[in-house]
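Peer 1:
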């Protein structure tokens, strides 16, 4: 697999935390299937992009990351 | 807009709040003003009324904290999460927490977060609103610096909060003094106020529309409250102020929020204690003290602090007599006398207005003291009363001060 440069790793960690805090994302830590987690995360990214009216790609693009870095309220945007 | 699952809401109109601690970033008075102004945003479009407690358990407990602070949602240092709040319920329900690691400010600069804006958002959660995905809505999750002077609640937020609590009740939409039909009073029959026919009822306002300012010489003009202030006279109705000053000719037209941004409209009463350079405003069961434009710290306070029993939920009018240092509060057909020196209600009160102010046998909308006379306003009429000789000496139209 390509080695993920440090910065990108940070961004992915930030995105995971953001989606856990505000979009009810639950990463299965012990999941053997990395792809399953990636799908799950991609689904939550889509949900967040749709909430903020961003282009819904399911990918962690620059616009999506910038939105995740905005100061905000700590209450989830969606909840189970 | 959105609400929380099962749409929790407060099952009462009177909700209490308490500020547990303060951020060192701001003056305590500015924190209190920001919080009070945030509550007023929501009370101005719902039947809700908020009372500040100074001890014990309140429905909405407000605090500043950083990092882990005793709930499951630790704060994250500067930036990121600014604050959070819990939906209505007992215990932690309704409470609002602000991240002390942020820089809080009363301004709308870019090197800090405006406490009024964030508090208004968080209190939306405390009342049961979730986030809105409408860009520009107050309940949008991301902080957006904006001008907070005359800040008005966006329609999406009004729709959301009214889905939970409905619009203001008619009686409290704006406490104008819409008179119920009055029984004949001691005035001559020509003066007895007639029942206000439906078409004269003050225009019913929907929360998003503010009533127009009445014309200065409108023969039906009535006032909510009147007070002197540093030699000037301020006449209040709804959100409007008519300012009569010896320093300039004519009448200046303002809004209450242009003088005191955090005070919403609809005062019930107001009076000045000029020796203290202090004006007291009353609305519902709370009162504020201001000195010029500055709201004194620690306000609003419940009117019970002045000595009213809890059965008195609001007052109609107030006026101070600088000669006797007494302030008179008028409620319905009765009045109280308050000693400004001892800061206590006088014994033997309440008394009937008609007993001591011959000829003033009705509810008083507003009262003014000027050159040794009291001016009692009732609907579109005012009654000039010579305090010293205890005599009603003149009846005229309420707008007589506006050079009509």
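Chains as they are written, first to last, in the working numbering: chain A, 11 to 90; chain B, 2 to 405.
Quick reminder that beta carbons are idealized off the backbone N, C-alpha and C, glycines included.
#1: Is there a Cβ from chain A that is less than 8 Å from the Cβ of residue 89 of chain B?
#2: Using the Cα positions of residue 311 of chain B and residue 387 of chain B, report the straight-line distance between them to the nearest angstrom.
#3: Return yes when the Cβ of residue 271 of chain B is within less than 8 Å of the Cβ of residue 45 of chain B, no when it is not.
#4: Thinking C-alpha only, which one of B:75, B:58, B:70 and B:109 is nearest residue 91 of chain B?
#5: Is the region 360–368 of chain B close to the region 223–239 of chain B, with three or more CB pairs under 8 Å?
#6: Taking all protein chains shown into account, do 16 or more other C-beta atoms lie within 10 angstroms of the C-beta of residue 122 of chain B, making it buried, or fewer, making it exposed?
#7: Whole angstroms is fine: what's the gap from residue 284 of chain B's alpha carbon to residue 325 of chain B's?
#8: Flag this pair as yes or no: are the beta carbons of residue 215 of chain B and residue 48 of chain B separated by less than 8 Å?
#9: Exposed or buried, which one is residue 58 of chain A when buried takes at least 16 other CB atoms within 10 Å?
#10: Just grab the DSSP bridge partners of residue 83 of chain A for me.
#11: Under a Cβ-count criterion, where at least 16 other Cβ atoms within 10 Å of its own Cβ denotes burial, should residue 148 of chain B be classed as buried or exposed?
#12: Sorted by chain position, which residues of the same chain lie with C-beta nearer than 6 Å to residue 243 of chain B's C-beta, five sequence neighbours on each side aside?
#13: Can you tell me which of the three DSSP states residue 165 of chain B falls into?
#14: Beta carbons nearer than 9 Å to chain B: which residues of the region 63–82 of chain A have them?
#15: Grab me the residues of residue 198 of chain B's own chain with a C-beta within less than 7 Å of its C-beta, minus the 5 sequence neighbours each way, in chain order.
#16: Can you say whether residue 405 of chain B is buried or exposed, counting buried as having 16 or more other CB atoms within 10 angstroms of its CB?
#17: Under three-state DSSP, which class holds residue 25 of chain A?
#18: Would you kindly work out how many angstroms separate the C-alpha atoms of residue 155 of chain B and residue 393 of chain B, rounded to a whole number?
#19: Roughly how many angstroms separate the alpha carbons of residue 69 of chain B and residue 76 of chain B, rounded to a whole number?
Peer 2: In terms of the structure at hand:
#1: Cβ-Cβ to chain A under 8 Å: no for residue 89 of chain B.
#2: The C-alpha of residue 387 of chain B is placed about 32 Å away from the C-alpha of residue 311 of chain B.
#3: Not in contact: residue 45 of chain B and residue 271 of chain B (Cβ atoms no closer than 8 Å).
#4: For the residues B:75, B:58, B:70 and B:109, the minimum Cα distance to residue 91 of chain B belongs to B:58.
#5: When C-beta atoms of the region 360–368 of chain B are compared with those of the region 223–239 of chain B, three or more pairs fall below 8 Å, so the two segments count as touching.
#6: Classification of residue 122 of chain B: buried, given that the 10 Å Cβ count is 16 or more.
#7: Looking at the two C-alpha atoms, the distance is approximately 25 Å.
#8: Not a contact, by the Cβ cut-off of 8 Å.
#9: It counts as buried.
#10: According to DSSP, which records beta bridges pairwise, residue 83 of chain A is partnered with B:84.
#11: Around the beta carbon of residue 148 of chain B, a 10 Å sphere encloses fewer than 16 other beta carbons of the protein chains shown; the residue is thus reported as exposed.
#12: If we look at residue 243 of chain B and ignore the five residues flanking it on each side, its Cβ neighbours are 236 and 252.
#13: When secondary structure is reduced to three states using DSSP, residue 165 of chain B falls in the helix class.
#14: The residues in question are 63, 77, 79, 80, 81 and 82.
#15: Caution is warranted here: a pLDDT of 31 is assigned to residue 198 of chain B, below 50, making its placement in the model unreliable, and the coordinate value is therefore given only provisionally. Cβ neighbours of residue 198 of chain B within its own chain (closer than 7 Å, five residues either side excluded): none.
#16: Under a 10 Å Cβ-count criterion, residue 405 of chain B is classified as exposed, with fewer than 16 other Cβ atoms of the shown protein chains found around its own Cβ.
#17: When DSSP states are grouped into helix, strand and coil, residue 25 of chain A belongs to the helix group.
#18: Those two C-alpha atoms are separated by around 49 Å.
#19: Answer to the nearest angstrom: the Cα atoms are 6 Å apart.
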